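Residue numbers (our numbering), protein chains in the order written: chain A, 1 to 206; chain B, 1001 to 1206. C-beta: ideal position from N, C-alpha, C; glycine also. Owing to the predicted nature of the structure, the values given are computational and were not obtained by experimental measurement.
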DNA sequence: CCCGATATTTGCTTCTTGAGCAAAGTTCTG
DNA sequence: CAGAACTTTGCTCAAGAAGCAAATATCGGG
């Protein structure tokens, strides 16, 4: 899965990065991000404050880095999957497998979404990261379906739907207390809803 | 439409706010937001820097305020529209009418989206505003359809789809150079795509 | 093993922002 | 017109973001 042959340099860089992110997360959970300074994070992570700036362009980024999942693999899998399958269906399959195989990683991401409640300054940065994903995905969908992104709304709409499906699923999963094995179903429900065109019409009891 | 009977106080407040926003926008277009300081904006708007902070919590907010459209009316119209109509359809009608009736306002908003290209720091703040809208709308959809927001993904998914439809439409409208009368069609296309469940499947020539 | 090349970490400095506070200046109410 | 309510302002301070150069660590070839 991951490169085992990494120089010491690269290895230490990752350690540093991880320990900064972990420190930022820990302190944020303890006292709220707005009461945490770079200096404190630096002490906790055994680096200088200046080093934090080298890795992250804000405290917020550092905190969120602790919950960022590696989406590259999923995106590549998407791009290399057979293009006869409609994009949303392909993404649904990929995402629900991911939910089954890596619930741990997704739980971390979901906690980040949850952290936003108590730490509002996280939201803008997380959303900016989310939109990067939407943009990347839009491009891949455009390529896959031979659509011009700048003229036809299809790729962007599908990409947004897919990303909302994931975020919405993570949010409800978190709200339900991360019940084992429920995430894949939430993901499928969300994607299916989008694929089917939001069919429900009028009020009904739960 | 708007309250004509406003005290002088309220009136001046709006003027101040508007002139700060206008100054921020003008300077940003001239030299890029990162090269503009609060002090400059203050000079341009004939207020003290401290006053800017009273109105906005960042330069970015000030710039974006120049293009923010009043969504309250649309949201209320949505809530008071007959709930037999599926939410996305209702929103489609409301939004495309809005596009027809107030292209000027929407053009301003679209320019803000465009400004993001050259001024990346605007993005997080705009997205945060956008997500507020999604959250508000999710609540209204939940109410309208008698759905529990915290259990069923439907309201959030529909709300995201509606907001992406608008943002995507504005973006493509801008990319096409704001052609007269094309916005309503873009809006309808986007909403219809979502309503129909993104039916296109495989590659095809444009 | 050692050395020069290359990267990373750090400290220092400067600029900017965001926000609390109280004083000065406006508008409002009656 | 007088006192209450609100807005604007200047002052102050804690922090963050980023450039620069020195110190430190790693790398790769001999």
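Could you tell me the alpha carbon to alpha carbon distance between residue i and residue j, rounded to whole angstroms?
i, j, result
"residue 54/A", "residue 1033/B", "23 Å"
"residue 1196/B", "residue 154/A", "12 Å"
"residue 1169/B", "residue 8/A", "49 Å"
"residue 1190/B", "residue 145/A", "17 Å"
"residue 1086/B", "residue 199/A", "8 Å"
"residue 1050/B", "residue 1040/B", "12 Å"
"residue 1094/B", "residue 130/A", "28 Å"
"residue 1091/B", "residue 1186/B", "14 Å"
"residue 1158/B", "residue 6/A", "45 Å"
"residue 1100/B", "residue 1037/B", "37 Å"
"residue 163/A", "residue 1116/B", "21 Å"
"residue 1120/B", "residue 1107/B", "20 Å"
"residue 52/A", "residue 83/A", "42 Å"
"residue 76/A", "residue 1127/B", "26 Å"
"residue 43/A", "residue 96/A", "40 Å"
"residue 1188/B", "residue 1137/B", "19 Å"
"residue 24/A", "residue 1098/B", "44 Å"
"residue 1194/B", "residue 1161/B", "7 Å"
"residue 1135/B", "residue 1150/B", "12 Å"
"residue 56/A", "residue 1048/B", "32 Å"
"residue 15/A", "residue 178/A", "28 Å"
"residue 1147/B", "residue 1192/B", "23 Å"
"residue 81/A", "residue 1156/B", "28 Å"
"residue 1026/B", "residue 1112/B", "12 Å"
"residue 29/A", "residue 13/A", "24 Å"
"residue 1035/B", "residue 1143/B", "45 Å"
Go ahead and label residue i buried or exposed: buried means 16 or more other beta carbons lie within 10 angstroms of its beta carbon, across all protein chains shown.
i, result
"residue 171/A", "buried"
"residue 1180/B", "exposed"
"residue 1072/B", "exposed"
"residue 1046/B", "exposed"
"residue 1067/B", "buried"
"residue 11/A", "exposed"
"residue 118/A", "exposed"
"residue 17/A", "buried"
"residue 152/A", "buried"
"residue 176/A", "exposed"
"residue 123/A", "buried"
Closer than 6 Å by C-beta to residue i: which residues in its own chain qualify, once you throw out the five before and the five after it? Chain order, please.
i, result
"residue 114/A", "174"
"residue 1021/B", "1062, 1065, 1066"
"residue 19/A", "45"
"residue 79/A", "140"
"residue 31/A", "none"
Skipping 5 residues on each side, what residues in its chain have a beta carbon closer than 8 Å to that of residue i?
i, result
"residue 125/A", "58, 60, 61, 64"
Considering only the alpha carbon of each residue, which of the options lies closest to residue i?
i, options, result
"residue 1166/B", "1110/B, 1027/B, 1070/B, 1014/B", "1110/B"
"residue 133/A", "103/A, 89/A, 74/A, 178/A", "74/A"
"residue 105/A", "96/A, 27/A, 70/A", "70/A"
"residue 89/A", "28/A, 103/A, 141/A, 26/A", "141/A"
"residue 183/A", "25/A, 79/A, 102/A", "102/A"
Review point. Enumerated in chain order, which unbroken segments of the beta strand (DSSP E) with a length of 3 residues or greater are wholly contained in the region 1063-1092 of chain B?
Key: none
Check your understanding: Mind pulling the alpha helix (DSSP H) runs of 4 or more residues that sit fully within the region 117-163 of chain A?
Key -> 122-145
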